[in-house]
Amino acid sequence: MINNKMHIVNDLKSLVINYIPKDVAEEFFKSLEEDVTLNTDKECVIPDLDKSQVEYKIPKGIKYRLLIDKTITHCEKLLEDEQFFKLVLDLSQLMLFAGENAFSLELAENLLVKFNQLNKRDAIAAETNLMISKIYWAQAYWDECMQYISEASNIFQSFESKAGIAKCENMLGTLYGEKGEFDKAQKHFVNALIYLKEEDDILSHAMVLTNLGIISTVQGDFEKAIWNYKNSIERYVSINDNRRLSRTYHNIGMLYTRMEKYDAALDEFNKCITISLENDYLSNCAVAYIGKAFIYTKLKNSSLAEAYINKAMEIAYKINDTLSIADIYKIKGMINTDLENFSLSEEFFEDSIRLNRDIENKLNEAESSAEMSKMLRNNNRKEEAEKYSSAADDFFNDLKGE
Amino acid sequence: MQNTKYIFETELEELLKKYLGDDCFKINLSSFQANKSTDGVSAKINAFYEDQLRIDMSDCSDRMKIDRTITFSQKKLVPEMFQKFLLELGNICLSGGKLDLAAEIFKKTKNIAGKTAIKAESLLGLADVFTRRANWSRSLSNIADAESLYKKIKDNLGTAKCENFIGIIFSEMGDIETAKEHFLNSLSFIDPERDKEMTAHLETNLGIIDNIRGNFIESLVHFNKALGIYNKMQNKKNAAEVTHNIGMVYLESEEYEMAVAAFDDGINTAKEGHFIPILCLLYHAKSRALVGMNALYYAAEFADKALEISHAIDDKLALADIYKVKGIIERKLKNFKVAEEFLLNSLRINNSLGNEMNIAETSLELALLYENIHNTDSRQFYLKSSLDYYKEINASSKIKKIEELLNYAAA
Numbered sequence: 002m003i004n005n006k007m008h009i010v011n012d013l014k015s016l017v018i019n020y021i022p023k024d025v026a027e028e029f030f031k032s033l034e035e036d037v038t039l040n041t042d043k044e045c046v047i048p049d050l051d052k053s054q055v056e057y058k059i060p061k062g063i064k065y066r067l068l069i070d071k072t073i074t075h076c077e078k079l080l081e082d083e084q085f086f087k088l089v090l091d092l093s094q095l096m097l098f099a100g101e102n103a104f105s106l107e108l109a110e111n112l113l114v115k116f117n118q119l120n121k122r123d124a125i126a127a128e129t130n131l132m133i134s135k136i137y138w139a140q141a142y143w144d145e146c147m148q149y150i151s152e153a154s155n156i157f158q159s160f161e162s163k164a165g166i167a168k169c170e171n172m173l174g175t176l177y178g179e180k181g182e183f184d185k186a187q188k189h190f191v192n193a194l195i196y197l198k199e200e201d202d203i204l205s206h207a208m209v210l211t212n213l214g215i216i217s218t219v220q221g222d223f224e225k226a227i228w229n230y231k232n233s234i235e236r237y238v239s240i241n242d243n244r245r246l247s248r249t250y251h252n253i254g255m256l257y258t259r260m261e262k263y264d265a266a267l268d269e270f271n272k273c274i275t276i277s278l279e280n281d282y283l284s285n286c287a288v289a290y291i292g293k294a295f296i297y298t299k300l301k302n303s304s305l306a307e308a309y310i311n312k313a314m315e316i317a318y319k320i321n322d323t324l325s326i327a328d329i330y331k332i333k334g335m336i337n338t339d340l341e342n343f344s345l346s347e348e349f350f351e352d353s354i355r356l357n358r359d360i361e362n363k364l365n366e367a368e369s370s371a372e373m374s375k376m377l378r379n380n381n382r383k384e385e386a387e388k389y390s391s392a393a394d395d396f397f398n399d400l401k402g403e
Numbered sequence: 056m057q058n059t060k061y062i063f064e065t066e067l068e069e070l071l072k073k074y075l076g077d078d079c080f081k082i083n084l085s086s087f088q089a090n091k092s093t094d095g096v097s098a099k100i101n102a103f104y105e106d107q108l109r110i111d112m113s114d115c116s117d118r119m120k121i122d123r124t125i126t127f128s129q130k131k132l133v134p135e136m137f138q139k140f141l142l143e144l145g146n147i148c149l150s151g152g153k154l155d156l157a158a159e160i161f162k163k164t165k166n167i168a169g170k171t172a173i174k175a176e177s178l179l180g181l182a183d184v185f186t187r188r189a190n191w192s193r194s195l196s197n198i199a200d201a202e203s204l205y206k207k208i209k210d211n212l213g214t215a216k217c218e219n220f221i222g223i224i225f226s227e228m229g230d231i232e233t234a235k236e237h238f239l240n241s242l243s244f245i246d247p248e249r250d251k252e253m254t255a256h257l258e259t260n261l262g263i264i265d266n267i268r269g270n271f272i273e274s275l276v277h278f279n280k281a282l283g284i285y286n287k288m289q290n291k292k293n294a295a296e297v298t299h300n301i302g303m304v305y306l307e308s309e310e311y312e313m314a315v316a317a318f319d320d321g322i323n324t325a326k327e328g329h330f331i332p333i334l335c336l337l338y339h340a341k342s343r344a345l346v347g348m349n350a351l352y353y354a355a356e357f358a359d360k361a362l363e364i365s366h367a368i369d370d371k372l373a374l375a376d377i378y379k380v381k382g383i384i385e386r387k388l389k390n391f392k393v394a395e396e397f398l399l400n401s402l403r404i405n406n407s408l409g410n411e412m413n414i415a416e417t418s419l420e421l422a423l424l425y426e427n428i429h430n431t432d433s434r435q436f437y438l439k440s441s442l443d444y445y446k447e448i449n450a451s452s453k454i455k456k457i458e459e460l461l462n463y464a465a466a
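Keeping their order, the protein sequence lines are chains A and B. 402 is the number that this note's numbering gives to position 401 of the first sequence; each next residue is one higher, with no gaps. 408 is the number that this note's numbering gives to position 353 of the second sequence; each next residue is one higher, with no gaps.
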């Protein structure tokens with residue numbers, strides 16, 4: 002049987018030696034061949050709940066595909082056009098929740114092609130553009146995300162749909178938030194609330210409140226964050242939206258993590274994970290696993306942290322969540338620092354910083370730089386540490402200024 | 056604790072109820088699942104086939120190794136070398152079917168490229184990703200940008216690559232005539248003695264055109280020329296691809312044993328090199344050959360594996376084609392309802408991809424199915440629509456076959 006792990010190592014080795022002298026790359030090759038999964042020299046006892054969470058098997062996408070293709074082929078014949086379009090859009094949303102990004106995009110893009118042929122520029126066309134923006138957002142493709150939000154916004158504005166424009170404002174805020182531009186993000190969320198004032202759109206309202214909660218968390222205004230989250234949870238419960246409800250539990254977990262209330266944070270992450278595992282909401286699982294791994298790192302439980310971060314990596318890779326992958330490298334760096342594998346730790350921090358820089362995520366870049374600086378300082382590499390800490394400080398000072 | 060099928064199906068059923076009301080019960084969602092599972096290889100299959108079908112798909116540890124290599128190389132290399140390195144790395148990802156990662160790498164290269172040629176190459180890399188995902192418009196727009204850059208720096212080989220690429224896209228859409236024009240145009244920009252690899256690519260593509268038109272001997276001449284060059288260059292990936300194409304000629308001329316021999320050879324090479332997208336095509340092709348040999352059980356195994364991979368690597372064209380093969384298998388097993396579902400899926404997806412040739416092929420299969428179930432109107436409709444396309448591309452053997460079927464009905 003073919004060993005895929007060796008395949009990629011061999012490919013990478015034969016590529017690298019064309020560019021970098023063998024003696025320079027030798028040590029790197031050695032570490033590349035090693036399994037960087039931790040060996041903590043400790044018997045790892047994993048509690049039952051954690052065991053069930055890290056042993057989760059990611060569903061195979063083809064099973065979804067077979068059912069959905071069949072459904073679409075049938076419904077195209079059975080439904081009126083408008084109903085059929087809405088169904089396909091719902092299916093696209095369903096596939097995004099399931100982490101089937103490419104399939105989700107295919108469904109939404111096919112709709113757009115149809116709408117262009119029909120010269121259709123109504124609410125469903127705008128929603129489809131917004132859907133595509135979400136798919137690109139989930140993969141940190143900011144330019145494409147922005148392009149589709151603009152198109153959605155233009156369409157909604159053409160018939161003065163306040164609820165629609167609010168959705169676009171919310172999406173813009175989300176985009177800026179992911180890039181670490183929180184002042185811009187907040188402005189868009191506030192705009193969204195203004196547009197929603199006279200609208201009876203519970204879901205959009207709840208989503209904006211959740212996002213404002215995230216901004217408050219980042220800014221350290223914990224009371225306000227709690228208020229926003231509680232309000233959004235009430236709304237999600239009232240409309241039975243489990244996916245967003247569980248995501249909000251994750252957000253509360255993040256809030257408690259910032260407050261260093263780790264037990265409370267773990268409870269919230271577990272609430273998120275329980276719902277998400279039951280429904281295969283992969284993206285929620287990935288972020289909540291990262292949240293738990295971070296806490297276990299803080300609690301110096303490297304084995305459990307590693308188990309969670311590896312599972313998070315498996316999911317993030319499957320759903321092409323580059324933001325999460327960059328975050329995972331940061332935590333892998335922290336775990337290796339704790340275990341005094343400093344060379345590997347440095348490498349992971351560098352990976353995280355590079356990737357965050359590539360996807361323009363300033364907050365996460367600053368956080369990884371801060372962790373890198375801490376590790377270097379503890380290793381008496383103060384000059385190098387300074388470079389990273391000042392980059393991180395610049396960002397956090399700007400944030401306070403905001 | 057995990058019961059994915061139950062939860063997802065329930066969710067889907069609820070959605071259908073919302074749109075269809077009681078009509079939703081007309082859709083038997085489980086009928087596709089009544090077939091064999093797609094996530095494993097049946098225990099009953101023979102050892103040789105089992106070995107052929109066992110393949111590790113890419114996992115997250117690959118991504119980690121690639122990320123670490125990028126970070127390491129970025130520190131060690133001067134910018135221009137790093138960018139060239141990235142271009143090669145992007146292509147490695149493409150060969151392994153890691154399209155998301157390849158796109159990320161080519162995008163990064165495009166953003167940091169200093170030299171025009173590197174930027175153009177990264178645009179072609181992105182075009183390749185979009186082509187594999189059947190996103191023709193975005194692919195063509197990236198190629199146009201690349202071509203204008205190559206022309207600006209008078210890079211003939213670069214321009215030839217772009218023309219070749221445009222030809223591939225037209226060929227994927229079934230517009231054989233325009234595809235050939237671009238291939239010949241590409242040929243005019245290169246020196247076959249110097250640009251050997253490009254020559255081999257063009258020989259391959261011209262061979263594909265000849266095969267579609269039923270010019271089997273000419274097609275084999277092109278493929279063998281290309282194979283000779285690839286073997287000399289030890290380019291195993293393209294060698295596996297041409298081996299697949301040679302098998303396709305035998306398949307079209309109904310020499311199934313020869314076809315299977317070529318596909319087995321290709322599978323061997325593709326598995327060894329972990330060339331997942333090509334492996335997917337080879338599994339699919341072998342499935343078709345096994346159908347020709349009436350080995351339906353084995354054919355289904357290969358089709359299922361190809362389907363699983365095609366979804367994982369987002370190869371929509373292959374996926375639509377595999378649905379067609381699954382439809383043929385079910386028709387031959389006399390499961391006409393399931394066969395119709397698969398064929399209609401294939402037709403719908405091919406329609407949305409604008410692939411005229413595959414639409415014609417699937418239409419022909421639907422016509423054969425409707426003949427089996429005595430639905431004369433539908434049979435005639437699909438035969439005629441299929442015939443229209445084959446007349447357009449002048450595919451003599453197909454035209455003859457369809458006309459015979461039509462005449463048989465008339466008699």
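All C-beta atoms, glycine included, are put in the ideal place defined by N, C-alpha and C.
Next on the checklist: Rounded to the nearest angstrom, what separates HIS429 of chain B and ASN241 of chain A at their Cα positions?
Outcome noted: Here residue 429 of chain B corresponds to residue number 374 of the second sequence, with the count starting at 1. Here residue 241 of chain A corresponds to residue number 240 of the first sequence, with the count starting at 1. Cα to Cα, HIS429 of chain B sits roughly 49 Å from ASN241 of chain A.
Next on the checklist: Taking 8 Å as the threshold (beta carbon to beta carbon), is PHE29 of chain A in contact with chain B?
Outcome noted: Within the first sequence, residue 29 of chain A is the residue found at index 28, counting from 1. At least one chain B Cβ lies under 8 Å of PHE29 of chain A.
Checklist entry - What is the DSSP secondary structure of SER433 of chain B, reduced to helix, strand or coil? => result Within the second sequence, numbered from 1, the residue matching residue 433 of chain B stands at position 378. Three-state DSSP puts SER433 of chain B in a helix.
Checklist entry - Could you check where the alpha helix (DSSP H) with TYR257 of chain A kicks off and where it finishes? => result Position 256 of the first sequence, counted from the start, is the residue given in the question as residue 257 of chain A. Note, TYR257 of chain A: alpha helix (DSSP H), 243–259.
Checklist entry - Between the stretch 287–294 of chain A and the stretch 109–117 of chain A, do three or more beta carbon pairs fall short of 8 Å? => result As far as the Cβ criterion goes, the stretch 287–294 of chain A does not touch the stretch 109–117 of chain A, which means the pair count is below three.
Next on the checklist: Cβ closer than 8 Å: which chain A residues qualify as neighbours of PHE391 of chain B?
Outcome noted: Position 336 of the second sequence, counted from the first residue, corresponds to residue 391 of chain B. Residues of chain A passing the Cβ test: none, with the nearest at roughly 15 Å.
Next on the checklist: Would LEU90 of chain A and THR129 of chain A be called neighbours here (beta carbons separated by less than 8 Å)?
Outcome noted: Stepping through the first sequence from its first residue, residue 90 of chain A is reached at position 89. Stepping through the first sequence from its first residue, residue 129 of chain A is reached at position 128. The answer is yes: Cβ separation under 8 Å.
Checklist entry - Does any CB atom of chain A fall closer than 8 Å to the CB of ASN400 of chain B? => result Taking the first residue of the second sequence as position 1, residue 400 of chain B is located at position 345. Yes - at least one Cβ of chain A is within 8 Å of the one on ASN400 of chain B.
Checklist entry - For the alpha helix (DSSP H) that contains GLY382 of chain B, what are its first and last residues? => result Counted from its first residue, the second sequence places residue 382 of chain B at position 327. From DSSP, the alpha helix (DSSP H) with GLY382 of chain B extends over 371–387.
Item to check | Beta-carbon neighbours of ARG355 of chain A, restricted to chain B and to distances below 9 Å | outcome: Start at 1 with the first residue of the first sequence, and residue 355 of chain A comes out as number 354. From the beta-carbon of ARG355 of chain A, the residues of chain B found nearer than 9 Å are ASP122, ILE125, THR126, GLN129.
Next on the checklist: How far does the alpha helix (DSSP H) with ASP264 of chain A in it extend, from its first residue to its last?
Outcome noted: On the first sequence, position 263 is the one that residue 264 of chain A refers to. That run of the alpha helix (DSSP H) goes 263–280.
Checklist entry - Shorter than 8 Å from the beta carbon of LYS379 of chain B to some beta carbon of chain A? => result Numbered from 1 along the second sequence, position 324 holds the residue referred to as residue 379 of chain B. False, the Cβ-Cβ gap to chain A never drops below 8 Å.
Checklist entry - Are three or more beta carbon pairs between the stretch 207–225 of chain B and the stretch 386–405 of chain B nearer than 8 Å? => result No, they do not touch.
Checklist entry - Between the C-alpha atoms of THR93 of chain B and GLU235 of chain A, what's the straight-line distance to the nearest angstrom? => result Within the second sequence, the letter at position 38 stands for residue 93 of chain B. Within the first sequence, the letter at position 234 stands for residue 235 of chain A. Confidence is the limiting factor: at THR93 of chain B the pLDDT is only 39, short of 50, which leaves the residue's position unreliable and the question unanswerable from this model.
Checklist entry - Should PHE330 of chain B go down as buried or exposed, given a rule of 16 or more other Cβ atoms within 10 Å for buried? => result Here the question's residue 330 of chain B lines up with position 275 in the second sequence. PHE330 of chain B should be labelled buried.
Item to check | Backbone CA spacing between ALA167 of chain A and ASN155 of chain A [nearest angstrom] | outcome: Translated into positions along the first sequence, residue 167 of chain A becomes position 166. Translated into positions along the first sequence, residue 155 of chain A becomes position 154. If you take the alpha carbons of ALA167 of chain A and ASN155 of chain A, they lie about 12 Å apart.
Checklist entry - Could you give the distance in angstroms between the alpha-carbon of ASP42 of chain A and the alpha-carbon of PHE127 of chain B? => result Translated into positions along the first sequence, residue 42 of chain A becomes position 41. Translated into positions along the second sequence, residue 127 of chain B becomes position 72. With a pLDDT of 49 at ASP42 of chain A, under the threshold of 50, the predicted position of this residue should be treated as unreliable, though the coordinate-derived value follows. ASP42 of chain A and PHE127 of chain B: Cα-Cα distance of roughly 28 Å.
Item to check | Best match in B:ILE333, B:ILE383, B:GLY328 for proximity to LEU351 of chain B [C-alpha to C-alpha] | outcome: Position 296 of the second sequence holds residue 351 of chain B. It is B:ILE383 whose Cα lies nearest to the Cα of LEU351 of chain B.
Next on the checklist: Is there a C-beta anywhere in chain A that falls below 8 Å from the one on ILE384 of chain B?
Outcome noted: On the second sequence, residue 384 of chain B is found 329 positions in, with the first residue counted as 1. For ILE384 of chain B, the answer is no, since every Cβ of chain A falls outside 8 Å of its Cβ.
Next on the checklist: Measuring CB atoms only, is the stretch 50–59 of chain A touching the stretch 144–158 of chain B, in the sense that at least three cross pairs come out at less than 8 Å?
Outcome noted: no
Checklist entry - alpha helix (DSSP H) containing HIS299 of chain B: first to last residue? => result Within the second sequence, numbered from 1, the residue matching residue 299 of chain B stands at position 244. 291–307 is the span of the alpha helix (DSSP H), which, as asked, contains HIS299 of chain B.
Checklist entry - Whose C-beta lies closer than 8 Å to the C-beta of ALA317 of chain B among residues of the same chain, with five residues either side of it excluded? => result One-based indexing of the second sequence puts residue 317 of chain B at position 262. For ALA317 of chain B, where only same-chain residues beyond five positions count, the Cβ hits under 8 Å are THR298, HIS299, ILE301, GLY302, TYR305.
Checklist entry - Run through DSSP, which three-state label would GLY269 of chain B get? => result Within the second sequence, numbered from 1, the residue matching residue 269 of chain B stands at position 214. DSSP places GLY269 of chain B in coil when its eight states are reduced to three.
Checklist entry - When burial is assigned at 16 or more other CB atoms within 10 Å of the CB, is MET208 of chain A buried or exposed? => result For the purposes of this step, residue 208 of chain A is identified with residue 207 of the first sequence, where counting begins at 1. It is buried - the Cβ of MET208 of chain A has at least 16 other Cβ atoms within 10 Å.
Checklist entry - Taking just the CA atoms, how far does GLU35 of chain A sit from ASP339 of chain A? => result Your numbering for residue 339 of chain A matches position 338 in the first sequence. Your numbering for residue 35 of chain A matches position 34 in the first sequence. Computed Cα separation, rounded: 19 Å.
Item to check | Cut-off 6 Å between Cβ atoms - residues of its own chain near THR254 of chain B, not counting five sequence neighbours on either side | outcome: As a position in the second sequence, residue 254 of chain B is number 199, starting the count at 1. The answer, listed in chain order, is PRO247.
Next on the checklist: Rounded to the nearest angstrom, what separates ARG189 of chain A and ILE231 of chain B at their Cα positions?
Outcome noted: Along the first sequence, one-based indexing puts residue 189 of chain A at 188. Along the second sequence, one-based indexing puts residue 231 of chain B at 176. Note that residue 189 of chain A corresponds to His in the displayed sequence, not to Arg. The straight-line gap from Cα to Cα measures roughly 50 Å.
Next on the checklist: Count Cβ pairs between the stretch 439–458 of chain B and the stretch 413–431 of chain B that sit closer than 8 Å; are there 3 or more?
Outcome noted: yes
Checklist entry - ILE296 of chain A lies in the alpha helix (DSSP H); which residues open and close that run? => result The residue labelled residue 296 of chain A in the question sits at position 295 within the first sequence. Taken as a continuous stretch (DSSP letters only), the alpha helix (DSSP H) holding ILE296 of chain A covers 283–299.
Item to check | 8 Å contact criterion, which ILE47 of chain A and LEU305 of chain A should meet: CB distance rounded | outcome: Here residue 47 of chain A is taken as the residue at index 46 of the first sequence, counted from 1. Here residue 305 of chain A is taken as the residue at index 304 of the first sequence, counted from 1. 6 Å between Cβ atoms; contact.
Checklist entry - ALA367 of chain B versus chain A: which residues are under 8 Å apart at the beta carbon? => result Walking along the second sequence from the start, residue 367 of chain B turns up at place 312. Per Cβ cutoff of 8 Å: GLY62, ILE63.
Checklist entry - Distance, Cα to Cα, ASN400 of chain B vs ALA344 of chain B? => result In the second sequence, residue 400 of chain B corresponds to position 345, counting from 1. In the second sequence, residue 344 of chain B corresponds to position 289, counting from 1. In this model, ASN400 of chain B and ALA344 of chain B are separated by some 21 Å (Cα to Cα).
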